[in-house]
Every structure is written in C-alpha cells, then in structure tokens.
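Heads up, the final residue of the sequence shown is numbered 72 in the numbering used here, and it's a clean run with no missing numbers.
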Amino acid sequence: GGAQETAANGAIDARRRVDAALGALPLSLSGAVRAACLEGCSFADIELTRRWPARSGKLVLKLALELLANHYEAAEH
C-alpha cells in the first residue's frame, strides 16, 4: 500500500545516503564510524577489534566525523 511503500522507499533512500557518506571516508575510518554510530560499539571495542592503541578510538572517530561534516557541507553546495 501507499504508506507502507512510502516508508520502505524512505528507508532505502536513507540507507543510500548513509552508504554515500561512509563511502566518502577511507575504509578504515568508515568501518570505525559504522561500528560506533550504527552498531553501538564502544571505543574500547573498536580499538580492540582493530588492534589500535588504547584511547586512540576517540581521536580516530573525531577525525572521521570531521570528514563526514565536510562531506555534508560539500553536498549542500
């Protein structure tokens, strides 16, 4: 039906936008952003699974989020 189809199309469009934004990042950063923002992983879990030094996850994610902000700013213009 109409409302259900509209919701499904909205979800598909949202997924495409997320994928495009993550695609604007280097692979190592997009994986960390996906883990933190979409999968709810902690910084400690991200550091452990990627074998990063302790307390480095926050810095890496800060850099990744700055790149995402630049991506969205560029998309607005």
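Glycine is no exception: its CB is placed at the ideal position from the N, C-alpha and C atoms.
CA-to-CA distance, residue j to residue i, given in whole angstroms
| i | j | result |
| --- | --- | --- |
| S51 | E0 | 43 Å |
| I41 | K57 | 13 Å |
| V13 | A(-2) | 22 Å |
| A70 | G35 | 26 Å |
| W47 | F38 | 10 Å |
Close-in-space but distant-in-sequence residues of the same chain around residue i (CB under 8 Å, 5 per side omitted)
| i | result |
| --- | --- |
| A59 | L20, L24, S25, A27 and V28 |
| L33 | V13 |
Three-state secondary structure assigned by DSSP to residue i
| i | result |
| --- | --- |
| L20 | coil |
| A49 | coil |
| S37 | coil |
| E72 | The question names Glu, but residue 72 in the sequence shown is His. Reduced to three states, the DSSP call for H72 is coil. |
Sequence-distant residues of the same chain with beta carbon closer than 6 Å to residue i, five excluded per side
| i | result |
| --- | --- |
| E61 | none |
Own chain partners of residue i with C-beta closer than 7 Å, once the 5 adjacent residues on each side are dropped
| i | result |
| --- | --- |
| T31 | Reading the sequence as shown, one finds Ala at residue 31 and not Thr. Answer for A31: I41 and L56, listed in chain order. |
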